[in-house]
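A.B. asks: Read in order, the letters of the sequence shown correspond to residues 8 to 298 in our numbering.
Beta carbons are placed, not taken as given, at the ideal position from N, Cα and C, and that holds for glycine.
Right, I'll just put the structure down here and ask away after.
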Amino acid sequence: MSIKQIISNAKKTDQFLKKYLSLQKKTNLIIPMKYGSLSGGKKIRSSVIINTGKLFNINPKKLMNICAAVECIHSYSLIHDDLPCMDDDKIRRGKASTHIKFGESTAVLAGSSLLTLAFEIITEKKYKVSDNIKTKLVKELALCSGHLGIAGGQELDLSFEKKKKKFNQIIEMQRKKTGKLFNFSCLSAGIVAKKNNKTLRELSILGEEIGLLFQLADDFIDIKSSKKLAGKPIKKDKKKGKSTLISLIGYKKAYNFADMLQKKILRKLSKYGKKGENLINTVKFILGRNF
Ligand code: GRG
Numbered sequence: 008m009s010i011k012q013i014i015s016n017a018k019k020t021d022q023f024l025k026k027y028l029s030l031q032k033k034t035n036l037i038i039p040m041k042y043g044s045l046s047g048g049k050k051i052r053s054s055v056i057i058n059t060g061k062l063f064n065i066n067p068k069k070l071m072n073i074c075a076a077v078e079c080i081h082s083y084s085l086i087h088d089d090l091p092c093m094d095d096d097k098i099r100r101g102k103a104s105t106h107i108k109f110g111e112s113t114a115v116l117a118g119s120s121l122l123t124l125a126f127e128i129i130t131e132k133k134y135k136v137s138d139n140i141k142t143k144l145v146k147e148l149a150l151c152s153g154h155l156g157i158a159g160g161q162e163l164d165l166s167f168e169k170k171k172k173k174f175n176q177i178i179e180m181q182r183k184k185t186g187k188l189f190n191f192s193c194l195s196a197g198i199v200a201k202k203n204n205k206t207l208r209e210l211s212i213l214g215e216e217i218g219l220l221f222q223l224a225d226d227f228i229d230i231k232s233s234k235k236l237a238g239k240p241i242k243k244d245k246k247k248g249k250s251t252l253i254s255l256i257g258y259k260k261a262y263n264f265a266d267m268l269q270k271k272i273l274r275k276l277s278k279y280g281k282k283g284e285n286l287i288n289t290v291k292f293i294l295g296r297n298f
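In structure tokens form, the structure reads like this:
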């Protein structure tokens with residue numbers, strides 16, 4: 008049930024983004040941008056956005072611009088993450104990484120263009136939410152993406168390589184690198200639903216916890232999955248000397264921590280009753296997956 012729903016949400020975002028990109032003026036960067044954003048990927052953040060919207064009876068159509076914008080930022084981060092100056096990975100989503108297919112300079116520029124496209128999509132005239140909501144979305148997405156969020160987390164991740172880091176330092180890095188975009192995914196649905204500041208704060212925290220859980224699961228996949236299933240090389244964290252909870256406390260203790268975090272998230276979602284079912288299923292999928 009849950010995986011079908013995730014695939015169906017991914018299709019909706021893909022369709023929206025495909026159409027949006029096809030209406031752009033044709034440049035040499037459009038094809039690498041499409042390659043990096045449309046071909047493959049679970050689009051799990053879209054499911055988190057849509058299913059958070061369900062907590063507040065928001066029609067998924069009202070969230071499509073946000074889904075597409077978040078997936079553009081996510082794809083941008085993957086394109087840049089794979090570059091030789093970062094994680095130097097040649098395979099992504101079961102295919103050649105964008106810089107292998109199109110060259111490094113094109114990958115840098117296609118990634119950067121996806122970043123700016125995200126803000127174009129949110130501020131789009133045809134997106135029928137108020138200017139006040141659009142301004143809040145732009146501000147929060149910028150905060151989650153920059154040095155306080157994904158980019159800052161990535162810098163920490165690279166600087167932690169081959170170093171012994173403390174538990175809290177690893178969690179902080181993962182909260183930024185991966186958690187912040189999930190933070191925005193939950194928060195943005197609350198912004199569209201015009202929730203009060205207390206609820207928005209709760210949604211930010213909830214989203215960041217879901218994102219941390221997602222990153223922990225990603226670290227488990229690096230150990231237990233296969234290259235075919237994961238669509239990317241596995242067992243690379245150890246080779247690269249990445250600081251993960253697994254490298255610090257071992258697989259079993261790291262898994263127990265993730266299991267406790269999942270229970271905490273599910274407890275928080277239980278207050279929404281039936282409206283929370285889809286998001287609960289997404290959270291369960293996140294820890295149980297092997298791709
Ligand atoms: C994007 C603002 C910005 C800066 C770039 C390179 C970089 C700085 C950040 C890298 C962040 C990064 C790659 C985090 C890892 C997150 C993660 C677990 C990715 C895998 O996500 P999935 O499994 O991928 O959702 P699919 O292929 O399903 O889309």
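1. Expressed to the nearest angstrom, what Euclidean distance is found between the alpha-carbon atoms of histidine 154 and glycine 160?
2. Do the CB positions of isoleucine 7 and isoleucine 57 come within less than 7 Å of each other?
3. If I measure Cβ to Cβ from aspartate 164 and keep anything under 6 Å in the same chain, skipping five residues before and after, which residues do I get?
4. Using only CA atoms, which one of Thr206, Asn297, Arg182 and Asn203 lies nearest to lysine 239?
5. In whole angstroms, give me the CA-to-CA distance for lysine 187 and glycine 156.
6. Mapping the DSSP letters down to three states, classify arginine 52 as helix, strand or coil.
7. Below 8 Å CB to CB, which residues in the same chain sit around asparagine 66 once its five sequence neighbours on both sides are set aside?
8. Using the C-alpha atoms, what's the distance from lysine 247 back to isoleucine 98?
9. Mapping DSSP to helix, strand and coil, what is isoleucine 241?
10. By DSSP's criteria, isoleucine 98 is part of a beta bridge. Which residues make up the other side?
11. Over the uninterrupted alpha helix (DSSP H) stretch that includes lysine 270, give me the two end residues.
12. What is the residue span of the alpha helix (DSSP H) that histidine 87 lies within?
13. Compute the Euclidean distance between the alpha carbons of cysteine 151 and leucine 213, then round it to the nearest angstrom.
14. Would DSSP call proline 39 helix, strand or coil?
15. I want to check one thing, is the minimum distance from the CB of isoleucine 230 to the heavy atoms of ligand 1 below 6 Å?
16. Mind the definition here: the segment 114 to 130 touches the segment 75 to 85 only if three or more C-beta pairs lie below 8 Å; say whether that holds.
17. Can you find a heavy atom of ligand 1 that lies under 6 Å from the Cβ of alanine 114?
18. Looking only at C-alpha atoms, which of Lys260, Ala196, Ser166 and Lys271 sits nearest to phenylalanine 63?
19. At a cut-off of 6 Å, would you count serine 233 as near ligand 1, judging by its Cβ distance to the nearest heavy atom?
20. Threonine 113 to lysine 270, Cα distance in whole Å?
21. Can the beta-carbon of glutamate 78 be found less than 7 Å from the beta-carbon of threonine 130?
22. Compute the minimum distance between the beta carbon of glycine 60 and the heavy atoms of ligand 3, and state whether it is under 6 Å.
23. Taking one C-beta from the segment 223 to 242 and one from the segment 250 to 261 each time, how about it: are there three or more such pairs within less than 8 Å?
C.D. replies: On the basis of the data shown:
1. Going from the Cα of histidine 154 to the Cα of glycine 160 covers about 8 Å.
2. Beyond the ends of the chain as shown, which are 8 and 298, falls residue 7; an answer cannot be given.
3. Only Met180 and Lys184 meet the Cβ criterion.
4. Asn297
5. 6 Å
6. Helix at arginine 52.
7. Gly60
8. 16 Å
9. Reduced to three states, the DSSP call for isoleucine 241 is coil.
10. Paired residue(s): Ala103.
11. 258 to 276
12. 71 to 88
13. 14 Å
14. helix
15. No - ligand 1 has no heavy atom lying nearer than 6 Å to the Cβ of isoleucine 230.
16. yes
17. Result no, Cβ not under 6 Å from ligand 1.
18. Ala196
19. no
20. 43 Å
21. no
22. In terms of ligand content, the structure shown lacks ligand 3 and carries ligand 1 instead.
23. yes
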